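For the sequence shown, the working numbering assigns the number 16 to the initial residue and increments by one for each residue that follows.
Even for Gly, the Cβ is constructed at its ideal location relative to N, Cα and C.
Nothing here was measured: the structure is a model prediction, and the numbers come from that model.
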Amino acid sequence: MDKKFAVIGLGHFGSHLAVALAEMGAEVLAIDDDLEKLDDVKDKVTHTVRLDATDEKALRSQGLTDFDAVVVAIGDNFEATLLSVAMLQKIEAKRIIVRCTTPVHERILNHLGITEIILPAAEAAERLANSLMFEKVVDSFALSSEYTIAEVNVPDSFVGKTVQELDLPHRFEISLITIKRRVLKGQLLGFKKREVETILGVPPATQCVEQGDVLVVFGRKKAIQRMTQE
């Protein structure tokens with residue numbers, strides 16, 4: 016059965032989220048009180064509706080209790096965010112995820128019992144900090160203040176070794192999730208080959224690491240930093 020999500024607030028973050036979920040095969044209801052913003056995504060999501068998300072009756076009319084999650088992405092208007100959250104709690108939405116812009120807003124939402132909170136600016140800053148501090152880190156996704164999933168350009172000393180020989184869990188307390196590799200693939204009608212990125216799946220112990228590979232790893236940030244210095 017397809018997952019169903021509602022996204023309230025179609026600013027930069029909300030509209031991108033709604034479209035991304037729809038592209039992944041989810042049923043997406045996009046909600047905003049701005050008709051122009053709804054027009055921008057109406058051909059890319061399942062449904063759009065113009066309404067005031069602080070109006071309990073209007074929210075009830077959309078059957079949001081049947082959705083897997085409702086994401087409140089209003090952003091800058093924190094008063095509207097709070098009222099929308101209160102209405103969603105009142106109609107007993109299954110799962111409420113809220114975007115906010117400051118740590119103070121996050122604490123207020125925590126007091127309301129909201130535990131799934133997104134701070135896009137903080138997350139973007141974290142990813143940039145990692146890329147600046149750790150030369151070989153291509154991208155990262157923090158799971159907590161201590162643990163992260165990171166894409167790391169393979170250190171030179173790793174090239175030519177197998178996953179078993181690298182022994183990342185014991186040497187660094189890091190788990191290798193997969194390997195991303197650029198390979199040449201031929202095209203139809205005899206056109207020249209082009210380079211495409213492939214995912215190697217769950218790497219077996221015998222998988223050899225090559226120059227140019229990107230390792231997708233999980234572990235403590237300090238451990239990943241130590242690994243990149245090999």
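query                                                                                                                   : result
Cα-Cα separation, His-120 to Glu-94                                                                                     : 10 Å
Neighbourhood of Ser-172 by C-beta, 6 Å cutoff - its chain only, sequence neighbours within 5 removed                   : Glu-245
Cβ contact (3+ pairs, closer than 8 Å) linking the region 47 to 66 and the region 99 to 117                             : no
Reference Thr-243, options Ala-101, Leu-199, Arg-186, Glu-71, closest by Cα                                             : Arg-186
8 Å Cβ cutoff met for Glu-131 and Ile-112                                                                               : yes
Residues of its chain near Lys-57, where Cβ-Cβ distance is below 7 Å and the 5 sequence neighbours each way are ignored : Thr-63
Sub-8 Å separation of Glu-166 and Val-229 beta-carbons                                                                  : yes
CB of Ala-45 within 8 Å of CB of Val-60, strictly                                                                       : yes
Exposure label - Gly-29; buried when at least 16 CB within 10 Å                                                         : buried
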